[in-house]
Amino acid sequence: MALVLLDIADGVATLTLNNPDERNTMTAPMVAEIVAAMDRIEGDNAIGALVVTGTAPAFCAGANLGNLAEADGESLGVIYEGFLRIARSPLPTIAAVNGAAVGAGMNLALGCDVRIAAKRAKFDTRFLQLGIHPGGGHTWMLRRIVGPQVTAAAVLFGEVLDGTEAQRVGLAYRCVEDADLLAVAHEMAARAASAPRELVIETKKTLAAMADV
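Start counting the sequence shown at 16; every next residue gets the next number (the numbering used here).
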């Protein structure tokens with residue numbers, strides 16, 4: 016079974032994490048498929064935007080810690096490459112958060128340019144509850160998006176945000192009905208993909224350069 020599905024339409028690539036029995040937790044094999052898919056997406060000049068989602072019921076429930084423990088020489092750094100590869104993409108990216116986004120899975124959503132949440136979405140940092148220091152730029156990305164108070168509530172106090180709350184605090188750009196999520200994300204991504212690709216890439220670079228201004 017493919018751990019990552021790739022669909023291309025209207026200049027938009029939709030990358031779907033596809034291990035629903037394990038709630039799309041990231042493993043080294045899944046990361047390898049993500050990296051290969053991203054190489055293909057960015058190498059295709061007909062693709063101008065990316066939507067990232069998960070096969071229901073979860074978006075991504077984090078790193079597969081059992082896999083980390085069993086695999087020789089594997090580390091969280093290997094798992095983190097899955098979302099960092101997407102975060103580094105020069106193309107516009109949308110996280111279509113259809114369910115639980117936990118730990119490293121929340122990082123995947125944070126690393127995208129825009130987050131659209133289904134009502135059933137759950138944003139759950141959970142690092143401290145697992146006895147792990149938040150990694151992969153989690154606190155930096157979250158604080159940059161929602162500010163210090165919401166970050167503290169989520170990271171230190173374990174507040175879990177559903178789609179409606181995520182939109183209210185600015186973590187999600189929109190919250191939509193569960194059944195409408197992919198259509199809304201695709202329509203938005205298609206607008207970016209309809210513009211000249213190199214112009215969009217340069218504009219995204221400009222936005223990134225202004226992040227700390």
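Virtual Cβ for every residue (Gly too), placed ideally from N, Cα, C.
Buried or exposed for Asn60, going by 16 or more other Cβ atoms inside 10 Å?
The residue labelled residue 60 in the question sits at position 45 within the sequence shown. Exposed, since its Cβ has fewer than 16 Cβ neighbours within 10 Å.
For a test of the three-state rule: what should DSSP assign to Thr68, helix, strand or coil?
Taking the sequence shown and counting its residues from 1, the one referred to as residue 68 is at position 53. Three-state DSSP puts Thr68 in a strand.
Which residue marks the beginning of the alpha helix (DSSP H) containing Ile23, and which one marks its end?
Here residue 23 corresponds to residue number 8 of the sequence shown, with the count starting at 1. Careful: Ile23 lies outside any alpha helix (DSSP H), inside the beta strand (DSSP E) at 19-24.
Can you name the start and end residues of the beta strand (DSSP E) that Ile109 belongs to?
Indexing the sequence shown from 1 puts residue 109 at position 94. Here the beta strand (DSSP E) through Ile109 covers 108-112.
Straight-line Cα distance separating Met156 from Gly162
For this step, residue 162 is matched to residue 147 along the sequence shown. For this step, residue 156 is matched to residue 141 along the sequence shown. Approximately 10 Å, taken between the alpha carbons.
DSSP state of Lys134 mapped onto helix, strand, coil:
On the sequence shown, residue 134 is found 119 positions in, with the first residue counted as 1. Lys134: coil per DSSP, three-state reduction.
Spatial neighbours of Arg25 in its chain, beta-carbon cut-off 6 Å, leaving aside the 5 residues before and after:
The residue labelled residue 25 in the question sits at position 10 within the sequence shown. Arg is not the amino acid found at residue 25; the sequence shown has Asp there. Cβ neighbours of Asp25 beyond the five flanking positions: Ala205.
Through-space distance from Val129 to Met150, alpha-carbon basis
Position 135 of the sequence shown holds residue 150. Position 114 of the sequence shown holds residue 129. Checking the sequence, you will find Gly at residue 150 rather than Met. C-alpha separation (whole angstroms): 21 Å.
Please determine, among Pro35, Ala208, Gly77, the residue with the shortest C-alpha to C-alpha distance to Leu123.
Indexing the sequence shown from 1 puts residue 123 at position 108. When each option's Cα is compared against that of Leu123, the closest is Gly77.
Among His148, Glu192, Met203, which has the Cα closest to the Cα of Ala136?
The sequence position of residue 136 within the sequence shown is 121, counting from 1. The residue with the shortest Cα to Cα distance from Ala136 is Glu192.
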